[in-house]
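Residue numbers (my numbering): 138 to 776.
Every residue gets a Cβ at the ideal spot worked out from N, C-alpha and C, and that includes glycine.
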């Protein structure tokens, strides 16, 4: 007898035909049908109810009368003031042309120079110009020119007559040396009252002692700061890291480079032929710190390389140098009286060397939030600067990055201290989107319209002259950008100034170095931009509106503070606003700005308070000087 198939006696994996089902299945099916019918009835009632609700007559309820409320006014972004920057390069007597020795081999150093510096080498109170040249061939050792011979490929020194007109005084100065130069650092390292010059190179670096009378002497070997014979140095700066009253020397080194390595890397743009490329396939290099030991038995100041014991050398997990340093700025981030060091590295994390006050540093960039961009990536970082651009306790570091990477603006959160944290506020502060397509080298804060707020300038230019073949959004020559500081009430702190408000500043060049100084004594800050394999641009600031100002030159005693007063800070309060400026001329890219501090005062002609904070922590109240002029303040003086 065949067993009847019921739902209860079916195996889990058994399949039966419809004819084998017993009558009990019909009962089950019927029950399911009745439940389905009930569900359809409920749905139908629901839908009908919805239709009635949607079409029911509207019940009008009387509303009390309300007062008219006007719509909220949407604020309009602030407009930058009109400032006519006028290109006076030729008119001012600047006939320099940068040489890079390019002959089609596309060697990386050819596209990375050159720097510039403002300095008062003759102590006459106005700002002279030093332009760093590369060479007509690469590489080559430093070579003084034969007497009476002049080549365009030497470094150049221009003397200011006080009105913004310059005379080329290179020949016979001792700086008429042909080397493959990159950047410059200027300062009175021997505390004799004259500013000396250090030039970084592809190859050995150069130190020139100012002997007075417009003469410089090469003292590199005696001072011990030449560096590696096959090194590649970029930015450099003089600062007193141990607060012993004399200036020490920090030197950035880029990558391990030679012609052979460059040809082996063989970067191409389109797959055919060579091109300039990023340093990603080059081994990194270590930065150098030279401690000033004072004068030796021969009367020449001697420096000692303390890089490794001082904590400046940073290595990868496989023991190779990590850094690929281009930009450099000094800042006392935690206000402990000792200068810290920020280094902008190209395509690897940035460095922040925190001064431990015992002659050593600790690299703490990641801990402070300074190592990477807002997405946690390393950027193609070139130029760097820092400043209290909000006129409060917050400190901002600006970093110029590669094309298709917006500039970084790292801002401290909370009051300065040993645990200061930074976050990237480039987007919210207004410089994110406008800088994304530009390739920025030089970058610095300065108050171009003398309203008491620090503005921001970018010098731009690509590294590859054929870049437009593969990226339609990119050009080799690019215009500089100026961002006006609109203040705390604005929607965004920085507003990009339109080309119509800037005169000749937006002229497209292959921008590299950038610096500022008041070259003509009118109080506003003029701008110098360099370009690779071309002429620089000296731009006179023709500020259209009247504004008051104050310029200060600080002089240390050479014991408690270096003669240049590098590291000293001035706190000035006028109109209820406190401005803070630090003597720290090393900034931007391969460049140095003037050592004189400029304060824009706007309509204010009186001060609420005025004081100098020296590196040893002493606070020197000053009888406020008269506005619209430059004053010299010595350490310990009352005025």
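Query - Sub-8 Å separation of residue 619 and residue 659 beta-carbons - result: Translated into positions along the chain shown, residue 619 becomes position 482. Translated into positions along the chain shown, residue 659 becomes position 522. No, these two residues do not count as a Cβ contact at 8 Å.
Query - residue 740 (DSSP reduced to helix, strand or coil) - result: One-based indexing of the chain shown puts residue 740 at position 603. In this structure, residue 740 counts as coil in the three-state DSSP scheme.
Query raised in the report: Quick one: what does DSSP say residue 759 is sitting in, helix, strand or coil?
Result: Taking the first residue of the chain shown as 1, we reach residue 759 at position 622. The answer is coil: DSSP assigns residue 759 none of H, G, I, E or B.
Query raised in the report: What distance in whole Å lies between the Cβ atoms of residue 523 and residue 462, which are believed to be in contact at a cut-off of 8 Å?
Result: As a first step, residue 462 must be located in the chain shown, where it is residue number 325. As a first step, residue 523 must be located in the chain shown, where it is residue number 386. About 16 Å separates the two Cβ atoms, so there is no contact after all.
**Report entry** Delimiting residues of the alpha helix (DSSP H) encompassing residue 398
**Finding:** Residue 398 sits at position 261 when you count from the first residue of the chain shown. Looking at the DSSP string, the run of the alpha helix (DSSP H) that includes residue 398 is 396-402.
Query raised in the report: Hey, quick one: how far does the alpha helix (DSSP H) through residue 357 stretch, first residue to last?
Result: Within the chain shown, numbered from 1, the residue matching residue 357 stands at position 220. First-last of the alpha helix (DSSP H) with residue 357: 357-360.
Report task. Give the DSSP-derived three-state secondary structure of residue 533 in the structure shown. Result -> Stepping through the chain shown from its first residue, residue 533 is reached at position 396. Of the three classes helix, strand and coil, the one that applies to residue 533 here is strand, per DSSP.
Query raised in the report: Mind pulling the beta strand (DSSP E) runs of 3 or more residues that sit fully within the region 646-703?
Result: 648-654, 663-668, 674-680 and 685-692
Requested in this report: State whether the region 524-531 contacts the region 706-726, with contact taken as three or more CB pairs (one from each stretch) at a distance under 8 Å.
Outcome: yes
**Report entry** Member of 520, 438, 446 and 515 whose CA lies at the smallest distance from the CA of residue 465
**Finding:** Against the chain shown, residue 465 aligns to sequence position 328. Ranking 520, 438, 446 and 515 by Cα distance to residue 465 puts 520 first.
Query raised in the report: Between the C-alpha atoms of residue 255 and residue 653, what's the straight-line distance to the nearest angstrom?
Result: Taking the chain shown and counting its residues from 1, the one referred to as residue 255 is at position 118. Taking the chain shown and counting its residues from 1, the one referred to as residue 653 is at position 516. So the two alpha carbons sit approximately 7 Å from each other.
Query raised in the report: Comparing alpha-carbon positions, which option in 390, 454, 312 and 359 lies nearest residue 249?
Result: The count along the chain shown starts at 1 and reaches residue 249 at position 112. Comparing Cα-Cα distances from residue 249 to each of 390, 454, 312 and 359, the minimum goes to 390.
Report task. Pick out whichever of 724, 714 and 726 has its Cα sitting closest to the Cα of residue 747. Result -> On the chain shown, position 610 is the one that residue 747 refers to. When only C-alpha atoms are compared, the closest one is 714.
Query raised in the report: Using the beta-carbon count (16 or more within 10 Å), is residue 405 buried or exposed?
Result: Counting from 1 along the chain shown, the entry for residue 405 is found at position 268. Answer is exposed; the Cβ neighbour count stays below 16.
Query raised in the report: Whole beta strand (DSSP E) runs in the region 521-590 with 3 or more residues, listed along the chain?
Result: 521-524, 533-536, 545-550, 558-561 and 577-583
Requested in this report: Please work out which residues of its chain come closer than 6 Å, Cβ to Cβ, to residue 441, disregarding the five sequence neighbours upstream and downstream, and give them in chain order.
Outcome: In the chain shown, counting from the first residue as 1, residue 441 sits at position 304. Excluding residues within five positions, the ones whose Cβ falls inside 6 Å are 428 and 430.
**Report entry** Same chain only: Cβ atoms within 7 Å of residue 491, ignoring 5 sequence neighbours per side
**Finding:** On the chain shown, residue 491 is found 354 positions in, with the first residue counted as 1. Cβ neighbours of residue 491 beyond the five flanking positions: 477, 498, 499 and 501.
Query raised in the report: Out of 542, 608 and 664, which has the shortest C-alpha to C-alpha gap to residue 583?
Result: As a working mapping, residue 583 is identified with position 446 in the chain shown. By alpha-carbon distance to residue 583, the top candidate from 542, 608 and 664 is 664.
Query raised in the report: Are there three or more Cβ pairs, one per stretch, closer than 8 Å when the region 301-308 is compared with the region 320-330?
Result: no
**Report entry** Beta-carbon proximity check, residue 252 vs residue 319, cutoff 8 Å
**Finding:** Here residue 252 refers to the residue found at position 115 of the chain shown. Here residue 319 refers to the residue found at position 182 of the chain shown. Yes, Cβ-Cβ distance for residue 252 and residue 319 is below 8 Å.
Report task. Out of 586, 558, 609 and 625, state which residue places its alpha-carbon closest to the alpha-carbon of residue 567. Result -> Numbered from 1 along the chain shown, position 430 holds the residue referred to as residue 567. Of 586, 558, 609 and 625, the residue nearest in Cα terms is 625.
Query raised in the report: Would you call the CB atoms of residue 824 and residue 268 closer than 8 Å?
Result: The requested residue 824 is not part of the displayed model; the chain covers only 138 to 776.
Query raised in the report: Counting along the chain, where does the beta strand (DSSP E) carrying residue 613 start and finish?
Result: The sequence position of residue 613 within the chain shown is 476, counting from 1. Element bounds for residue 613: n/a, residue is neither H nor E.
Query raised in the report: Is DSSP giving residue 710 helix, strand or coil here?
Result: As a first step, residue 710 must be located in the chain shown, where it is residue number 573. Residue 710: strand per DSSP, three-state reduction.
Query raised in the report: Whose CA, out of 556, 509 and 353, lies closest to the CA of residue 543?
Result: Translated into the one-based positions of the chain shown, residue 543 becomes position 406. Here the closest residue by C-alpha is 509.
Query - Cβ separation of residue 702 and residue 692, assumed to be a contact under 8 Å, to the nearest whole Å - result: Mapped onto the chain shown, residue 702 falls at position 565. Mapped onto the chain shown, residue 692 falls at position 555. With 8 Å as the limit, residue 702 and residue 692 qualify as a contact, their Cβ atoms being about 6 Å apart.
**Report entry** Neighbourhood of residue 608 by C-beta, 6 Å cutoff - its chain only, sequence neighbours within 5 removed
**Finding:** Position 471 of the chain shown, counted from the start, is the residue given in the question as residue 608. Hits under 6 Å: none found.
Requested in this report: Give a yes or no on contact between the region 229-239 and the region 667-674, applying the rule of three or more CB pairs nearer than 8 Å.
Outcome: yes
Query - Coarse secondary structure for residue 503, derived from DSSP in three states - result: The count along the chain shown starts at 1 and reaches residue 503 at position 366. Residue state, collapsed to three classes: helix.
Query raised in the report: Is it right to say residue 395 is buried, meaning 16 or more other beta carbons lie within 10 angstroms of its own, or is it exposed?
Result: Sequence index remark: in the chain shown, residue 395 carries index 258 (1-based). So residue 395 ends up on the exposed side.
Query raised in the report: Which residues bound the beta strand (DSSP E) around residue 751?
Result: Here the question's residue 751 lines up with position 614 in the chain shown. Run containing residue 751: none; DSSP gives neither H nor E here.
Report task. State the start and end residues of the unbroken beta strand (DSSP E) segment that holds residue 420. Result -> The residue you call residue 420 lines up with position 283 of the chain shown. Taken as a continuous stretch (DSSP letters only), residue 420 belongs to no beta strand (DSSP E), as it is neither H nor E.
Query raised in the report: At what residues does the beta strand (DSSP E) containing residue 731 begin and finish?
Result: The residue labelled residue 731 in the question sits at position 594 within the chain shown. Note, residue 731: premise wrong, no beta strand (DSSP E); not H, not E.
Query raised in the report: For residue 225, which three-state DSSP category applies?
Result: The sequence position of residue 225 within the chain shown is 88, counting from 1. Of the three classes helix, strand and coil, the one that applies to residue 225 here is coil, per DSSP.
Requested in this report: Tell me where the beta strand (DSSP E) around residue 275 begins and ends.
Outcome: For the purposes of this step, residue 275 is taken as the residue at position 138 of the chain shown. That residue, residue 275, is in no beta strand (DSSP E); it is neither H nor E in DSSP.
Query raised in the report: In the DSSP assignment, what are the bridge partners of residue 326?
Result: If you number the chain shown from 1, residue 326 lands on position 189. Paired residues: none, contrary to the question.
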